[in-house]
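**Student:**
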Amino acid sequence: MSAHTPGPWTACEPTKELHAVRAASARMVANVGYSGSVDTDIANARLIAAAPELLEALKDMVSYVENLSSDYPTVIDTDSRWVAAARTAIDAADSLI
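My numbering numbers the first residue of the sequence shown as 1 and each following residue consecutively.
Given below as structure tokens:
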């Protein structure tokens, strides 16, 4: 089970040079900035804000593939490179450092 702040997260309007990412509870999740490019900072904040939804979508996709493979074991390969990459990303997001 992950210990991250539950989503949804939102990329907020910048304050000075920082772009805040906040949870629905208004809790600060991250400050993004100082990349040298305002456009890059905004893109980074939006990507971070999307993280909880991306993680859940990836978990749902892996679960779907695993369920589908039980019905079609000769067609669906749950050990494929992309399923393994998805599992690795999920593990990285869910692991406690």
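No residue lacks a Cβ here, since even glycine has one placed at the ideal position from N, Cα and C.
1. With a threshold of 16 other CB atoms inside 10 Å of the CB of Val-38, please say whether the residue is buried or exposed.
2. Whole angstroms is fine: what's the gap from Thr-10's alpha carbon to Leu-68's?
3. Three-state secondary structure (DSSP) at Ser-2?
4. So what's Arg-27 in DSSP terms, helix, strand or just coil?
5. Would Ala-45 pass as a contact of His-19 if the rule is Cβ separation under 7 Å?
6. Do you know whose CA, among Val-29, Ala-57, Glu-56 and Val-62, lies nearest Ile-48's CA?
7. Would you decide whether Gly-36 is buried or exposed? Buried here means 16 or more other CB atoms lie within 10 Å of its CB.
8. Would DSSP call Val-38 helix, strand or coil?
**Tutor:** The structure says:
1. Burial call: exposed.
2. If you draw a straight line from the Cα of Thr-10 to the Cα of Leu-68, it comes to about 33 Å.
3. Because the pLDDT of Ser-2 is 49, which lies under 50, any placement of that residue in the model is unreliable, and the number read from its coordinates should be weighed accordingly. Of the three classes helix, strand and coil, the one that applies to Ser-2 here is coil, per DSSP.
4. coil
5. yes
6. Val-29
7. Classification for Gly-36: exposed.
8. Secondary structure of Val-38 (DSSP, three-state): helix.
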